[in-house]
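Below is one structure, written out as structure tokens; the observations come after it.
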Amino acid sequence: AVSFQMGAVRLYRELPLTCPAEMDRVEEAAKAILTEKWNTCAVPPLPDLWIGTGGTFTVLGAMVRGVSWTDRSCMHGTRIEREQVRAIGTRLAGMPLSERLKLPGLQPQRADIVVHGICILLAVMDRLDIGQISVSEYGNLDGYIRKYLL
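Heads up, the sequence shown is in this note's numbering, so the first residue is 189 and it goes up one at a time.
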């Protein structure tokens, strides 16, 4: 396992956004970190199906489905195309924080950093040529337990 040390909070602090045009700058910063770290680790075979867990994916799933972020029952398995990820990021980047907070699909505690998380996801999708990602309501620990303990 390798940690790339480029979370949404870190990029938010280093590269604040004020408009959609600035997403490119954040995405390029994420790509630079990916490229630097990618060259230092062994790359396993890449899967056909990509599954995303965590807050950014939950937000994207809720926004694609048009539901509240608290309605987790229908987000699991939602497939999101790269173009949808970019469109949601662009939409959110163009909104002031006060407007983002009114969106039912957006967790209030992620409203400030979600665009940075989306930029990281776009950088990864670009680097690994991922066209689509599936949202999981389960975390990595759930997968580990299912694989090794059940």
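Built from N, CA and C at the ideal position, the CB exists for glycine as well.
No experiment lies behind these values; they were computed from the predicted model shown.
query                                                                                                      : result
Endpoints, the beta strand (DSSP E) within which Glu-287 is located                                        : Glu-287 -> not in any beta strand (DSSP E); alpha helix (DSSP H) instead, spanning 285-288.
Coil, strand or helix - Gly-240 by DSSP                                                                    : strand
Three-state class that DSSP yields for Ser-191 in the structure shown                                      : coil
Cβ-based burial, Arg-267 [other Cβ within 10 Å; buried from 16]                                            : exposed
Straight-line gap, Thr-347 to Arg-334 (C-alpha atoms, nearest Å)                                           : Given a span of 189 to 338 for the chain in the structure shown, any question on residue 347 remains unanswerable.
Secondary structure, beta strand (DSSP E): runs of 3+ residues fully inside the stretch 261-323            : 267-269, 320-323
Member of Leu-234, Met-211, Cys-207, Val-214 whose CA lies at the smallest distance from the CA of Ile-318 : Leu-234
Cβ shell of Ser-256 (< 8 Å), same chain only, five flanking positions each side left out                   : Ala-250, Pro-292, Gly-293
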